[in-house]
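Taken in order, these protein sequences are the chains called A and B. Here the working numbering is used: the first residue of the first sequence is 1, the next is one more, and so on. Here the working numbering is used: the first residue of the second sequence is 312, the next is one more, and so on. Written out below as structure tokens is the structure these notes cover.
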Amino acid sequence: MPLLRLVPDGTKIPFLRGRHLGLALSAVLSLASLMLAIYPGLNWGIDFKGGVVLEVRTLAPADFPAMRAAIAEAGVGGASLQQFGSPAEVLVRMEAQADEAAQQRAVAAVRAALEGAIPGARVVRVEAVGSRVSAELFVAGMTALAMALLAILLYIWFRFEWQFAVGAVVTLVLDVTKAVGFLALTGIEFDLATVAALLTIIGYSVNDKVVVYDRMRENLRKYKTMPLRELMDLSINETLSRTLGTSATTVLTVLPLALLTTGSVEGFAWTMLFGIVVGTSSSIFIASPIVLLLGEHRLRRGVEVQPASFG
Amino acid sequence: MMYFAPWKIASILGGILLALVLAVPSFVPKERLGPAAEWLPWRQIQLGLDLRGGSYLLLEVDMAAVIRERLDNLADGARTRLRGAGIGYTNLGATERAVTLRLTDPSRTPEALRLLRELANPITTGMGAQQPDLEVSAAPDGLVTLALSEPQLREKATQAVQQSIEIIRRRIDETGVVDPLIARQGANRILVQLPGVQDPERIKQLIGKTARMTFHLLDETADVTARTPPPGVMFLEGDRGRGGQPERYAVRRRVEVDGANLTDARAGQNPQTGEWVVNFSFDSIGTRRFAEVTRNNVGRPFAIVLDDKVITAPVIREPITQGRGQISGTFTAASANDLAVLLRAGALPAPLAVVEERTVGPELGADAIRAGMVALAIGFVLVVAWMLLFYGLFGAFAVLALLVNMVLLLAVLSLMEATLTLPGIAGILLTLGMAVDANILINERIREEVGRGRTPLNAMEAGFKRAYATILDSNLTTLFAMAMLYAFGSGPVRGFAVTISVGILCSMFSAIVFVRLVMVQWYRGRRPARLPV
Numbered sequence: 001m002p003l004l005r006l007v008p009d010g011t012k013i014p015f016l017r018g019r020h021l022g023l024a025l026s027a028v029l030s031l032a033s034l035m036l037a038i039y040p041g042l043n044w045g046i047d048f049k050g051g052v053v054l055e056v057r058t059l060a061p062a063d064f065p066a067m068r069a070a071i072a073e074a075g076v077g078g079a080s081l082q083q084f085g086s087p088a089e090v091l092v093r094m095e096a097q098a099d100e101a102a103q104q105r106a107v108a109a110v111r112a113a114l115e116g117a118i119p120g121a122r123v124v125r126v127e128a129v130g131s132r133v134s135a136e137l138f139v140a141g142m143t144a145l146a147m148a149l150l151a152i153l154l155y156i157w158f159r160f161e162w163q164f165a166v167g168a169v170v171t172l173v174l175d176v177t178k179a180v181g182f183l184a185l186t187g188i189e190f191d192l193a194t195v196a197a198l199l200t201i202i203g204y205s206v207n208d209k210v211v212v213y214d215r216m217r218e219n220l221r222k223y224k225t226m227p228l229r230e231l232m233d234l235s236i237n238e239t240l241s242r243t244l245g246t247s248a249t250t251v252l253t254v255l256p257l258a259l260l261t262t263g264s265v266e267g268f269a270w271t272m273l274f275g276i277v278v279g280t281s282s283s284i285f286i287a288s289p290i291v292l293l294l295g296e297h298r299l300r301r302g303v304e305v306q307p308a309s310f311g
Numbered sequence: 312m313m314y315f316a317p318w319k320i321a322s323i324l325g326g327i328l329l330a331l332v333l334a335v336p337s338f339v340p341k342e343r344l345g346p347a348a349e350w351l352p353w354r355q356i357q358l359g360l361d362l363r364g365g366s367y368l369l370l371e372v373d374m375a376a377v378i379r380e381r382l383d384n385l386a387d388g389a390r391t392r393l394r395g396a397g398i399g400y401t402n403l404g405a406t407e408r409a410v411t412l413r414l415t416d417p418s419r420t421p422e423a424l425r426l427l428r429e430l431a432n433p434i435t436t437g438m439g440a441q442q443p444d445l446e447v448s449a450a451p452d453g454l455v456t457l458a459l460s461e462p463q464l465r466e467k468a469t470q471a472v473q474q475s476i477e478i479i480r481r482r483i484d485e486t487g488v489v490d491p492l493i494a495r496q497g498a499n500r501i502l503v504q505l506p507g508v509q510d511p512e513r514i515k516q517l518i519g520k521t522a523r524m525t526f527h528l529l530d531e532t533a534d535v536t537a538r539t540p541p542p543g544v545m546f547l548e549g550d551r552g553r554g555g556q557p558e559r560y561a562v563r564r565r566v567e568v569d570g571a572n573l574t575d576a577r578a579g580q581n582p583q584t585g586e587w588v589v590n591f592s593f594d595s596i597g598t599r600r601f602a603e604v605t606r607n608n609v610g611r612p613f614a615i616v617l618d619d620k621v622i623t624a625p626v627i628r629e630p631i632t633q634g635r636g637q638i639s640g641t642f643t644a645a646s647a648n649d650l651a652v653l654l655r656a657g658a659l660p661a662p663l664a665v666v667e668e669r670t671v672g673p674e675l676g677a678d679a680i681r682a683g684m685v686a687l688a689i690g691f692v693l694v695v696a697w698m699l700l701f702y703g704l705f706g707a708f709a710v711l712a713l714l715v716n717m718v719l720l721l722a723v724l725s726l727m728e729a730t731l732t733l734p735g736i737a738g739i740l741l742t743l744g745m746a747v748d749a750n751i752l753i754n755e756r757i758r759e760e761v762g763r764g765r766t767p768l769n770a771m772e773a774g775f776k777r778a779y780a781t782i783l784d785s786n787l788t789t790l791f792a793m794a795m796l797y798a799f800g801s802g803p804v805r806g807f808a809v810t811i812s813v814g815i816l817c818s819m820f821s822a823i824v825f826v827r828l829v830m831v832q833w834y835r836g837r838r839p840a841r842l843p844v
């Protein structure tokens with residue numbers, strides 16, 4: 001016998017009773033997130049903004065004034081220094097230069113200046129993204145997000161009913177906007193890795209929704225007279241143990257990543273953790289109420305839903 | 312559903328065993344394996360530059376320069392041909408995509424068109440047909456247009472990129488970088504990956520030079536202080552102008568000998584002065600042209616022009632017929648050697664710009680691997696503990712499935728010779744968390760079915776059957792999101808999409824097929840009256 005039980009048998013929590021509050025709260029949070037993304041705004045990484053990042057390691061704790069002086073002497077303006085990890089690790093950032101050639105000259109100048117002026121300083125990472133490339137990467141990232149949502153909308157429409165598809169995608173948009181707000185609040189860099197995190201959150205969250213919807217579809221067939229709201233509550237409760245269990249195992253794998261890595265993967269991991277929490281709660285409180293709103297009269301008109309036939 | 316024919320059991324176990332063997336090359340060095348290395352399909356997971364250290368450069372071919380050069384050549388050719396035929400014209404000039412001129416005598420238009428059409432180069436279109444790269448047309452008032460058209464420009468771009476790749480490869484090979492990857496990306500970009508290169512400055516310098524060397528006569532009558540050069544002449548600066556005012560030369564546009572006709576170039580030292588020089592030799596065409604020019608122009612200066620800079624312009628003392636020559640300038644050992652490398656590799660068809668650079672030092676890469684592996688180990692232990700605590704024996708089955716899933720994942724990645732990046736390791740970790748989802752679904756379902764009073768075998772059967780559709784639907788939607796990430800993402804992020812997609816696909820086998828097999832065998836052995844759920 002297993003030692004622990006996540007959700008006791010026969011749990012019946014009337015989640016849908018709080019549906020209006022849940023939806024309103026979610027909408028407000030998402031709106032607030034969007035506002036945070038505009039002001040104070042996202043911390044744009046060089047993937048999307050263009051620019052240069054150099055990671056420098058020194059033997060002794062880094063001497064910031066000496067480093068600043070060396071960079072200034074190299075004739076490169078607009079560089080900012082920031083401690084990164086240990087005191088002997090420094091991140092040098094520069095805005096995107098006028099063109100790619102100027103950017104390359106700046107990289108070479110700063111690298112030479114730092115390695116020359118600070119004994120034992122090593123440039124261990126250089127990332128330089130031209131402004132045209134960064135614009136393209138941004139468009140590609142946003143396209144990926146949009147296409148993923150579209151593909152999911154179509155697939156769920158095909159496998160379930162349109163109410164489910166719309167419910168899932170609206171919930172996903174609410175999830176993703178909150179994650180964007182999280183990025184704005186924490187100052188985690190918004191770059192390709194974070195877009196990967198947003199896409200993974202979408203994948204993870206929709207996975208969760210599909211499990212609940214799947215159970216609803218099954219219950220719609222099984223209990224032909226049960227009111228839709230009651231049926232949804234039943235479905236959520238029946239899948240609750242699984243919803244929480246999978247969230248837990250996923251958190252357990254992402255948490256070490258967040259704690260042990262640095263840089264963009266760390267940002268990815270924290271964003272992901274936030275997304276798991278949001279995605280799990282939206283599976284319980286948001287996704288079903290939306291379907292209920294859309295389908296109160298349509299899904300149950302004395303006829304059962306026609307699910308795509310399956311084994 | 313809950314019965315496995317012996318051949319099925321054998322093929323499932325055989326498949327897992329095969330996967331184990333296929334994953335071996337990624338983890339065991341070839342020498343350690345001895346004779347087995349001979350018959351194993353030796354495909355390994357590659358480490359990405361972010362893990363092994365190295366430099367990633369994205370170069371862009373300056374297409375505007377390619378077009379400008381072609382237009383310049385066209386204008387030059389038009390001038391020579393029309394003059395040769397004695398056809399008068401005015402306003403010869405190049406616009407963005409075309410060369411235009413106006414014939415003074417419109418009645419000679421047909422003749423002019425025939426001559427100008429000869430300037431076209433044939434290009435091969437997608438259908439394999441030959442087509443001129445030029446459209447020559449005339450308006451009734453004598454305005455003649457030589458236009459490069461869109462598909463032909465695209466063909467030109469392809470050619471320029473292909474040629475550039477070839478030349479970059481030759482230049483990089485000279486530097487001794489191991490396993491460089493040079494590939495086309497998009498319409499006019501070239502991706503260069505240099506494993507192990509921590510400071511790519513020298514390579515960027517080598518790649519960044521067009522290295523087009525040409526030999527020109529000087530126009531000794533021209534006034535180099537004038538603002539605009541006379542027709543057919545260009546003002547170029549000398550290369551030695553470091554410190555002082557650079558010297559200015561009036562160089563005739565006509566290329567007497569082209570560096571493309573070089574067969575070899577080596578750095579050397581002048582035995583008398585100890586000065587560094589570059590010795591070169593020509594092929595037969597170059598030798599003949601060089602001999603001809605030097606014979607006819609003894610006593611006059613002859614300019615060696617590299618990338619629009621005059622390196623040197625010595626006076627021809629005697630005809631040079633052996634096809635060998637020497638460039639002296641202000642060389643150091645390193646710069647003479649670099650120039651020799653560039654000349655041997657050939658000129659780029661157009662300038663290249665580094666539009667994206669990502670360089671990671673090996674120590675940072677090693678740190679990343681360490682962090683990734685420790686996170687992987689901790690994540691694995693935590694998931695195993697969770698599954699055992701919450702699902703008991705069936706949780707242990709899920710852990711077995713997780714191990715099988717890892718073996719399959721590594722085998723597939725090895726077979727694909729996939730590149731493992733730090734985001735890729737994150738993908739494997741996430742796969743761990745999400746792969747057990749299938750088992751959780753099945754176990755929860757079985758628990759429910761038991762709760763509804765089904766017999767153990769019945770409950771297991773119903774659990775698998777019901778969970779199956781759910782697993783399929785939920786995993787497919789995740790795969791959609793990852794497919795989009797792969798399609799639109801770039802660099803290490805793609806590694807994430809690959810590992811997580813492969814991981815999810817493998818988990819469908821390990822969680823559904825393998826676990827069912829284990830449960831069935833366990834049930835047949837024990838015949839429990841109650842399921843331990």
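For each residue, glycine too, the CB sits at the ideal point set by N, CA and C.
- Apart from sequence neighbours up to five positions away, the residues of its chain that approach residue 481 of chain B with a beta-carbon distance below 8 Å are 655, 656, 657, ordered along the chain.
- Under the three-pair Cβ rule at 8 Å, the region 811 to 829 of chain B counts as touching the region 734 to 753 of chain B.
- DSSP, reduced to helix, strand and coil, places residue 607 of chain B within a helical segment of the structure shown.
- Residue 527 of chain B: member of the beta strand (DSSP E) spanning 524 to 528, first to last residue.
- Residue 197 of chain A and residue 157 of chain A have their C-alpha atoms some 25 Å from each other.
- Contact between residue 784 of chain B and residue 175 of chain A is ruled out by a C-beta separation of about 18 Å, above the 8 Å threshold.
- Not flagged as an interface residue toward chain B: residue 82 of chain A, since no C-beta distance is shorter than 7 Å.
- Residue 12 of chain A carries a coil assignment under DSSP once its states are collapsed to helix, strand and coil.
- The way I'd put it, the region 265 to 278 of chain A does touch the region 185 to 201 of chain A; three or more beta-carbon pairs between them come closer than 8 Å.
- Within the region 22 to 39 of chain A, no residue has a Cβ lying closer than 7 Å to any Cβ of chain B.
- DSSP places residue 47 of chain A in the uninterrupted alpha helix (DSSP H) bounded by 46 to 49.
- Residue 204 of chain A: not part of any beta strand (DSSP E); member of the alpha helix (DSSP H) spanning 192 to 222, first to last residue.
- Exposure of residue 139 of chain A is indicated by the presence of fewer than 16 other C-beta atoms within 10 angstroms of its C-beta.
- Straight-line spacing of the CA atoms in residue 170 of chain A and residue 30 of chain A works out to 11 Å.
- Against residue 268 of chain A, the close residues of chain B are 734, 737, in the order they occur along the chain (beta-carbon pairs closer than 8 Å).
- The beta-carbon separation of residue 96 of chain A and residue 51 of chain A, rounded to 5 Å, stays under the 8 Å limit for a contact.
- Within chain B, the residues 371, 666 have their CB atoms less than 9 Å from the CB of residue 132 of chain A, given in chain order.
- Ranked by Cα distance from residue 433 of chain B, the first of B:420, B:807, B:470 is B:470.
- For residue 405 of chain B, the CB contacts under 6 Å within the same chain, skipping 5 residues up- and downstream, are 382, 386 in chain order.
- Taking a C-beta cut-off of 9 Å against chain A, the contacting residues of the region 702 to 715 of chain B are 702, 703, 704, 705, 706, listed in chain order.
- When the alpha-carbon of residue 618 of chain B is set against those of B:456, B:359, B:660, the nearest one is in B:660.
- Under the 8 Å Cβ criterion, the region 242 to 252 of chain A does not count as touching the region 668 to 677 of chain B, having fewer than three qualifying pairs.
- Considering only beta carbons, no part of the region 84 to 95 of chain A lies closer than 7 Å to chain B.
- In terms of Cα proximity to residue 317 of chain B, the closest of B:844, B:347, B:831 is B:831.
- Among the residues of chain B, those whose CB is under 7 Å from the CB of residue 246 of chain A are 748, 751, following chain order.
- At a cut-off of 7 Å between C-beta atoms, residue 214 of chain A counts as an interface residue with respect to chain B.
- If you look at residue 641 of chain B, you'll find it in the beta strand (DSSP E) that goes 635 to 642.
- Residues of chain A with a Cβ closer than 7 Å to the Cβ of residue 515 of chain B are, in chain order, 104.
- Counted as a single uninterrupted DSSP element, the beta strand (DSSP E) harbouring residue 587 of chain B occupies residues 587 to 593.
- For residue 767 of chain B against residue 841 of chain B, the beta-carbon gap comes to about 7 Å, under 8 Å, which counts as contact.
- Per DSSP, reduced to three states, the secondary structure at residue 99 of chain A is coil, with no helix or strand assignment.
- Under the three-state reduction of DSSP, residue 461 of chain B is assigned to helix.
- The region 237 to 249 of chain A and the region 752 to 766 of chain B touch, with no fewer than 3 CB-CB distances between them shorter than 8 Å.
- Residue 560 of chain B is bridged by DSSP to B:547.
- In this structure, residue 426 of chain B sits away from residue 666 of chain B, with a CB-CB distance that is not shorter than 7 Å.
- Chain B places no beta carbon closer than 7 Å to that of residue 43 of chain A, leaving this residue out of the contacts.
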